[in-house]
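Its first residue numbered 1, the sequence shown is counted upward by one per residue in UniProt numbering. For reference, the structure is listed below as structure tokens.
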Amino acid sequence: MKISITNHYSALTKPVPSKQPITVLQSHVAEPLDTQPENTQGVFLSELDKLYFNFNKWLEEPIQSEFSAEKIEKLKDLYSKMSEEDFIRLGRLGITSNDDFLSMVETLDKEQLSQLTDIFYGLSASANMLFTHVNEFNPSRTYEEKVEQFIEVLSDTQRIARDQLIEKAAEYDEKISIHKAERENNDTYESLGGYFDVKSSANDLQNFVSTVIDTKSPADFVNKLDQYSREQQSSLLNVLGMSRIEGEQLLDGLLDKSDEARTSILSFIGKVALKTNPFFEMSAFGDSEHVVSISKGFGDNLFETTKKMLENMGELLTTYNFSDEQLVEMGDQLNDLNRKEQIGYLEAAVIGLDNLLGIQTSSTNELIEMKAEPQAMNKLQSVLSSKDALQAVYEAREGEDRRSGRSYVPKTKWEYLEDLEKVVSSYIPPAESDENVRDPWEYASGAKA
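Rendered as structure tokens:
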């Protein structure tokens, strides 16, 4: 994928002298604008970009000449703290006109400004489809809007917390391969081939910034995230990029657990989020008015399906207090299962525990201590360890077989939820109490019975 950056200040690439005191470069001053290379709008800055830039003349250009004296002074302060290359980059990204950013400059040191330049630059690299769909199209926002929102958060955050946000974002930015490629080769973008595998390397930065923008307390978020290993952070950010609610449930629910327990759960759920196909908006369920058949396994990675898997995991962690050993066992089991079995496992775990402990679940907001429920866990494990049972739970969504079993008529969501309850309850019957009868629609919405 070829990456491009919109040049918000075309004046930055006009043929004016470099500020570098090298007389031989003055011969370029008189060159007409149309003789400049056409590729100076690419991702990477060529030597010609720096050669043709002069800060004082740039300030005289029409757009900058309209700035207030105060804003001009802030730009001068910014320019004095940065390399010319970084200043040109900020101009290309449209950030030199951002008042919130300029107001922060006096409290930022040279290293932080350099880090922020790389961070803003790194945010121009797309992540995978999951990030793009969930974070940028729900609701829709552009790259420029995201950067502006991030700057707004930074400017509204106390200095110590702001420094933490910049440092953490810089850590994730270091993983982005376009930076590595640029540092290793100072030539033009085209000579490097123009294509880099940035999707996986950009995920952490993109999802981190999206979460910082969306969360109520960015400082608390970073403090919690720092208590996890780097690999665990990546898994959490994958989930947060897909759904902030479930991501925060994982972040909080695993905070006091052992490293082994965290790794076991997060290695599973992070992959679920990463492998989601969010652009396939088709439902895995049917429509009673339009009967169709779909291939078996078609819905296993759809956003609707994997979002429900995240919701189920979040509900388990916000309802029950599992021991480290129980979480390790759960995570290891899930990692060893195929996707169909994983779906069945989580559905069976949520409904099964509600059937076994529903009175406690509905009567208190405190987590149920699962160490004190060995009988319930043994009963549940007898089902979760049975692949036949997990397959039966998964197949509750399937209606009549078609094409010799290669496809099926999907049930409506209501039919599926009713049949799902019946299948799980055939393995783990609910206690004899009206309080324990769970409304399928409450389950569908993630509400506790």
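Built from N, CA and C at the ideal position, the CB exists for glycine as well.
C-alpha gap between residue i and residue j, whole angstroms
i: SER426; j: GLU304; result: 26 angstroms
i: GLN158; j: GLN227; result: 21 angstroms
i: ALA372; j: SER267; result: 27 angstroms
i: ASN98; j: GLU260; result: 44 angstroms
i: GLU66; j: GLU145; result: 23 angstroms
i: SER382; j: ASP336; result: 16 angstroms
i: LEU75; j: LYS216; result: 31 angstroms
i: ASP118; j: GLU171; result: 11 angstroms
i: LYS307; j: ASN203; result: 18 angstroms
i: TRP414; j: ILE343; result: 18 angstroms
i: ASP100; j: VAL292; result: 54 angstroms
i: ASN355; j: VAL209; result: 40 angstroms
i: GLN149; j: VAL212; result: 10 angstroms
i: ILE176; j: ASN207; result: 13 angstroms
i: ASP173; j: LEU225; result: 16 angstroms
i: GLU84; j: ILE63; result: 19 angstroms
i: GLU111; j: GLY91; result: 18 angstroms
i: THR263; j: ASP220; result: 21 angstroms
i: LYS296; j: TYR394; result: 11 angstroms
i: ILE428; j: LEU327; result: 21 angstroms
i: GLN375; j: GLU369; result: 13 angstroms
i: HIS133; j: LEU255; result: Confidence at HIS133 is low in this model, with a pLDDT of 44, below 50, so its placement is unreliable and no value can be given for it.
i: GLY241; j: ARG406; result: 33 angstroms
i: GLU61; j: SER68; result: 14 angstroms
i: residue 450; j: ASN338; result: The structure shown does not extend to residue 450, since the chain is modelled only from 1 through 449, so no value can be given for it.
i: THR107; j: GLU325; result: 47 angstroms
i: TYR345; j: SER201; result: 31 angstroms
i: ASP214; j: SER155; result: 15 angstroms
i: SER80; j: GLU73; result: 11 angstroms
i: GLU184; j: TYR52; result: Confidence at GLU184 is low in this model, with a pLDDT of 45, below 50, so its placement is unreliable and the value that follows should be read with caution. So the alpha carbons of these two residues sit roughly 23 angstroms apart.
Contact belief for residue i with residue j at Cβ below 8 angstroms, rounded distance in angstroms
i: TYR408; j: ASP419; result: The Cβ separation is near 13 angstroms, so there is no contact.
i: LEU93; j: LEU78; result: So it is not a contact: roughly 13 angstroms between Cβ atoms.
i: ARG141; j: TYR121; result: Not confirmed; about 18 angstroms, so no contact.
i: VAL272; j: MET330; result: That belief does not hold up - the Cβ atoms of VAL272 and MET330 are roughly 14 angstroms apart, past 8 angstroms.
i: LYS340; j: ASP300; result: 6 angstroms
i: MET82; j: LEU113; result: 5 angstroms
i: GLY352; j: LEU380; result: 5 angstroms
Option in the options with minimal Cα separation from residue i
i: MET104; options: SER83, ALA125, LYS71 and ASP86; result: LYS71
i: LEU302; options: LEU316, ILE166, PHE285 and ALA392; result: PHE285
i: SER229; options: SER210, PHE322, LYS257 and LEU316; result: LYS257
i: PHE87; options: ALA69, PRO374, ILE294 and LEU59; result: LEU59
i: ILE166; options: LEU205, LEU316, ILE428 and LEU356; result: LEU205
i: GLU421; options: LYS175, GLU347, LEU384 and ASP388; result: GLU347
i: GLN115; options: ALA169, GLN64, ALA69 and PRO430; result: ALA169
i: VAL423; options: ARG406, VAL350, GLU366 and GLU369; result: VAL350
i: GLY399; options: ARG406, LYS411, GLN64 and ASN365; result: LYS411
i: GLU366; options: GLY253, VAL222 and SER386; result: GLY253
i: GLN232; options: ASP220, SER243 and GLY247; result: GLY247
i: THR276; options: LYS175, SER243, LYS296 and ASP163; result: SER243
i: ASP109; options: GLN375, LEU274, ASP163 and LEU390; result: ASP163
i: TYR320; options: ASN338, MET377 and LEU274; result: MET377
i: ARG403; options: GLU311, GLU325 and ILE294; result: ILE294
i: GLU311; options: PHE298, VAL222 and ILE245; result: ILE245
7 angstroms Cβ shell around residue i - same chain, five flanking residues per side excluded
i: ASP187; result: With a pLDDT of only 40 at ASP187, under 50, the local geometry of the prediction cannot be trusted, and no value is derived from it.
i: ALA396; result: TYR416, ASP419, LEU420 and VAL423
i: VAL222; result: GLN164, LEU165 and LYS168
i: TYR143; result: LEU123 and SER124
Same chain only: Cβ atoms within 6 angstroms of residue i, ignoring 5 sequence neighbours per side
i: SER323; result: LYS371
i: GLY193; result: In this prediction, GLY193 scores a pLDDT of 31, lower than 50, which makes its location untrustworthy; the coordinate-derived value is nonetheless stated afterwards. Nothing listed; no residue qualifies.
i: GLN391; result: none
i: GLU274; result: Here residue 274 turns out to be Leu, not Glu, going by the sequence shown. These residues qualify, in order along the chain: ASN238.
Beta-carbon contacts of residue i that lie in its chain and below 8 angstroms, excluding the five residues immediately before and after
i: GLY270; result: SER234, SER235, LEU236, ASN238 and VAL239
i: LEU250; result: LEU236, VAL239, ILE265, LEU266, ILE269, MET313, GLY314 and LEU317
i: residue 451; result: Residue 451 is absent from the model: the chain starts at 1 and stops at 449.
i: PRO218; result: VAL153, THR157, ALA161, LEU165 and VAL212
i: ILE95; result: PHE101, PHE120, VAL147 and ILE151
So within the region 214-267, which uninterrupted alpha helix (DSSP H) runs reach at least 4 residues, ignoring any that extend past its ends? For secondary structure counted as the alpha helix (DSSP H) over 4 or more consecutive residues, the region 214-267 holds these complete runs in sequence order: 218-225, 230-242 and 244-253.
Length-filtered (4 minimum) alpha helix (DSSP H) runs lying within the region 93-127:
99-104 and 110-122
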